[in-house]
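Numbering (the numbering used here), first residue to last: 155 to 431.
Structure (structure tokens):
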């Protein structure tokens, strides 16, 4: 019994240390965001002597926070909502296809190939395509990129989850005269809540924090996302790191709130497709 207790205590201590290690960068960023310019130069890793919350006010004003936040919110919400509906419909069609099943399976394999295709390999063709179609510096253009970019992984998760949904529910609805769209939106779609929450968290966080795509396809202050606004604090010769970290805290806070609100559904959605009922 004593050996088991000692092992239990050691495991708890290990987990506490692991949590502290994981949260250390977050705590460090916050502490550096409330330091003065002199403290950042003399002792950047020490505890601040005086909390300079004016850094947040300055970052808020210099970032043009409301414009940048609105751009990120519009791009993230539109890409996530529209993409999630499309992914669910595509996954349902692949799993429940009765005719042309080989065609749907081939499409599924093509979607999975997107998991091993580096995004950078398609950059040059996409730039030429977007310039010719007039989609550069447009919200719809960058939203299409995010929807297409998230299709492979999202459809992979959804197909695994739909396989766990009993088909008897759909057959009963069909006998009652429900149409195919009615079966999907009234019967199947509500049952996909765990995997939908998982996809919303993963895709929204990826889109919100993305730097490369807005850098390539969105130029100018009007369409600047919140991550791009934080990047603007990086000067060529001098950088106010305390203000930059304050902007970074402001940029990451919304997605942290979304994650904590939906995290209880995330594990269920990730693991449901791994167990066959």
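Beta carbons: idealized from backbone N, C-alpha and C, even for Gly.
Nothing here was measured: the structure is a model prediction, and the numbers come from that model.
- Contact check, residue 369 vs residue 382 under 8 Å by CB: the rounded distance? The C-beta separation of residue 369 from residue 382 comes to about 7 Å, placing the pair in contact by the 8 Å criterion.
- Give every residue of the same chain whose Cβ lies closer than 8 Å to the Cβ of residue 390, excluding the five residues on either side of it in the sequence, and list them in chain order. With a pLDDT of only 49 at residue 390, under the threshold of 50, the placement of this residue in the model should not be trusted; the figure read from the coordinates follows. Closer than 8 Å at Cβ, skipping near neighbours: no residue.
- Message: Let me check understanding here. Comparing Cα to Cα, which of 361, 344, 270 and 217 lies closest to residue 376?
- Response: In terms of CA proximity to residue 376, 217 leads the group 361, 344, 270 and 217.
- Item | Limits of the alpha helix (DSSP H) - the one that residue 368 falls within | Element bounds for residue 368: 366 to 371.
- Indicate the three-state DSSP secondary structure (helix, strand or coil) for residue 259 in the structure shown. The three-state secondary structure of residue 259, taken from DSSP, is helix.
- Under a Cβ-count criterion, where at least 16 other Cβ atoms within 10 Å of its own Cβ denotes burial, should residue 238 be classed as buried or exposed? Buried is the label assigned to residue 238, since at least 16 other Cβ atoms lie within 10 Å of its Cβ.
- Message: For residue 343, tell me which candidate among 285, 246 and 200 has the shortest Cα-Cα distance.
- Response: Of the listed residues, the one whose Cα sits closest to residue 343 is 246.
- Item | Alpha-carbon spacing of residue 270 relative to residue 331, whole angstroms | When rounded, the distance between both Cα atoms is 42 Å.
- Task: Could you spell out the range, first to last residue, of the alpha helix (DSSP H) harbouring residue 176?
- Result: For residue 176, the enclosing alpha helix (DSSP H) starts and ends at 156 to 187.
- Could you give the C-beta distance for residue 393 and residue 387, rounded to a whole number, given that I count them as a contact under 8 Å? That belief holds up - the Cβ atoms of residue 393 and residue 387 are roughly 7 Å apart, short of 8 Å.
- Query: What three-state label does DSSP hand residue 332 in the structure shown?
  - Reply: DSSP places residue 332 in coil when its eight states are reduced to three.
- Item | Inter-stretch contact (C-beta, 8 Å, three-pair minimum) for the stretch 257 to 273 and the stretch 333 to 347 | The stretch 257 to 273 vs the stretch 333 to 347: no contact.
- Message: On the CB-based measure, 16 or more other CB atoms within 10 Å of its CB, does residue 311 come out buried or exposed?
- Response: By the neighbour-count rule (16 or more Cβ atoms within 10 Å), residue 311 is buried.
- Residue span of the alpha helix (DSSP H) that contains residue 279, given as start and end: Here the alpha helix (DSSP H) through residue 279 covers 277 to 287.
- Query: Is the beta carbon of residue 296 less than 8 Å from the beta carbon of residue 234?
  - Reply: Their beta carbons are not under 8 Å apart, which means residue 296 does not touch residue 234 by this criterion.
- Message: According to DSSP, simplified to helix, strand and coil, what is residue 409?
- Response: Three-state result, residue 409: helix.
- Query: Taking just the CA atoms, how far does residue 404 sit from residue 209?
  - Reply: Between the alpha carbons of residue 209 and residue 404 lies a gap of roughly 11 Å.
- Message: What would DSSP say about residue 387, mapped onto helix, strand or coil?
- Response: In the structure shown, residue 387 sits in coil (DSSP, three-state: anything other than H, G, I, E or B).
- Message: By the three-class DSSP mapping on this structure, what secondary structure does residue 233 have?
- Response: For residue 233, the three-state secondary structure derived from DSSP is helix.
- Rounded to whole angstroms, what's the CA-CA distance from residue 268 to residue 304? Just pull it up for me. Taking the straight line joining both Cα atoms gives about 9 Å.
- Message: So for residue 308, helix, strand or coil by DSSP?
- Response: Helix.
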